[in-house]
Amino acid sequence: MDRSTIADILQEIIKAGAAVVNAQTDIEKLKSKITGIQAERARDPDMPGLEDDLWIYTGLLQNAVPTSQAAEATFRAAQNTLQLAQNRYAQLQAVIEKMKSPGEWQRRGKADAARRTRQQQQRMQEESNKSPQLFHTFCPQAPVEVTETIQQWRQEIKGAFADYTTMQTFPQPPVQACNNISCQATRRSLQACSCNIRAAFMGTPDLSLKKERLAWHPDHFSACSEQYHVAFKQMAMEIFVVVDAMYNEQK
Numbered sequence: 001m002d003r004s005t006i007a008d009i010l011q012e013i014i015k016a017g018a019a020v021v022n023a024q025t026d027i028e029k030l031k032s033k034i035t036g037i038q039a040e041r042a043r044d045p046d047m048p049g050l051e052d053d054l055w056i057y058t059g060l061l062q063n064a065v066p067t068s069q070a071a072e073a074t075f076r077a078a079q080n081t082l083q084l085a086q087n088r089y090a091q092l093q094a095v096i097e098k099m100k101s102p103g104e105w106q107r108r109g110k111a112d113a114a115r116r117t118r119q120q121q122q123r124m125q126e127e128s129n130k131s132p133q134l135f136h137t138f139c140p141q142a143p144v145e146v147t148e149t150i151q152q153w154r155q156e157i158k159g160a161f162a163d164y165t166t167m168q169t170f171p172q173p174p175v176q177a178c179n180n181i182s183c184q185a186t187r188r189s190l191q192a193c194s195c196n197i198r199a200a201f202m203g204t205p206d207l208s209l210k211k212e213r214l215a216w217h218p219d220h221f222s223a224c225s226e227q228y229h230v231a232f233k234q235m236a237m238e239i240f241v242v243v244d245a246m247y248n249e250q251k
């Protein structure tokens, strides 16, 4: 353990902190966009395209939450690694000094040990003050194991997507309890929230997000019968924004 190792860890913290800031910036931009769309809808409820835009940006906002969480987790892990490295470095330095002069450590006494502790705490506090302020989010994810429910859902998708023109039942993603406030407050056509949708796709083995992104594109559902195509297109839009976000994350 040497100073170069600590310097490398500091570089990782800087990169992780930048990722957190970028994720928070994306969230704020999406919030601002949603606010603008809502204002336009209040001024002119009949303006075409506003509802679709609102669904898209709301879905993107919900999917930005896990990205922000992952960035925060990486940042925290790097901070913990730095603290451990600093502690180890201080311990090694103390051992080296003790080996140079066996009686030196005892002669310094409690006052010298206290001084070292204060210096270390001061360095840690200075590094903490330089850290970016985090935007705390909470989005519990549903389990991603392959369940019978997910397998049944995939069978429903296969049957429904075989011919969009004859489709009469929309394959609803599995629903599980979600405590995400954003999910609870969002108006949607599906019973499943974006966290449920993401978990369902993550629990699907050998998944091709590229193919899923194409299959769930809302334009396909225009081919459904007049009785269903409006509702199905709205539901597909909510799933598409989640799959599109996962696809872009994978790239």
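First residue of the sequence shown: 1, per UniProt numbering; consecutive thereafter.
Glycine included, each C-beta is placed from N, C-alpha and C at the ideal position.
Since we're looking at a predicted model, the values are computed, not measured.
Residue i burial status per 10 Å Cβ neighbour count (16 or more: buried)
i: Arg198; result: buried
i: Thr165; result: exposed
i: Ile181; result: exposed
i: Glu212; result: buried
i: Asn196; result: buried
i: Pro143; result: Note that Pro143 has pLDDT 44, beneath the 50 cutoff, so the model's placement of it is unreliable and the number below is only indicative. Pro143 comes out exposed.
i: Leu92; result: exposed
i: Gln24; result: buried
i: Ala245; result: buried
i: Gly49; result: exposed
Simplified DSSP assignment, three categories, for residue i
i: Gln176; result: coil
i: Lys251; result: coil
i: Phe75; result: helix
i: Arg188; result: coil
i: Pro205; result: coil
i: Gly59; result: helix
i: Gln24; result: helix
i: Ser225; result: coil
i: Asp244; result: helix
i: Gly36; result: helix
i: Asp52; result: helix
Own chain, CB closer than 7 Å to residue i, minus 5 neighbours either side, in chain order
i: Pro171; result: Trp153, Glu156, Ile157, Ala160
i: Arg76; result: none
i: Glu238; result: Trp55, Gly59, Arg188, Ser189, Leu190
Spatial neighbours of residue i in its chain, beta-carbon cut-off 6 Å, leaving aside the 5 residues before and after
i: Ala19; result: Ala71
i: Met235; result: Phe170, Ser189, Leu190
i: Tyr57; result: Leu30, Lys33, Ile34
i: Thr186; result: Thr58
8 Å contact criterion, which residue i and residue j should meet: CB distance rounded
i: Asp26; j: Ala85; result: Between Ala85 and Asp26 the Cβ distance is about 31 Å, and since that is not below 8 Å, they are no contact.
i: Thr67; j: Ala16; result: Not really, about 13 Å apart at Cβ, beyond 8 Å.
i: His217; j: Phe232; result: Rounded, the Cβ-Cβ distance is 12 Å, inconsistent with contact.
i: Ile9; j: Thr81; result: 6 Å
8 Å CB neighbourhood of residue i in its chain, flanking five on each side removed
i: Ala192; result: Gln172, Pro173, Pro174, Val175, Ala200
i: Asn22; result: Ala71
Check whether residue i and residue j have beta carbons under 9 Å apart
i: Leu209; j: Gln250; result: yes
i: Leu61; j: Ile37; result: no
i: Gln168; j: Tyr228; result: yes
i: Ala78; j: Glu148; result: no
i: Ser194; j: Val242; result: yes
i: Ala94; j: Arg118; result: no
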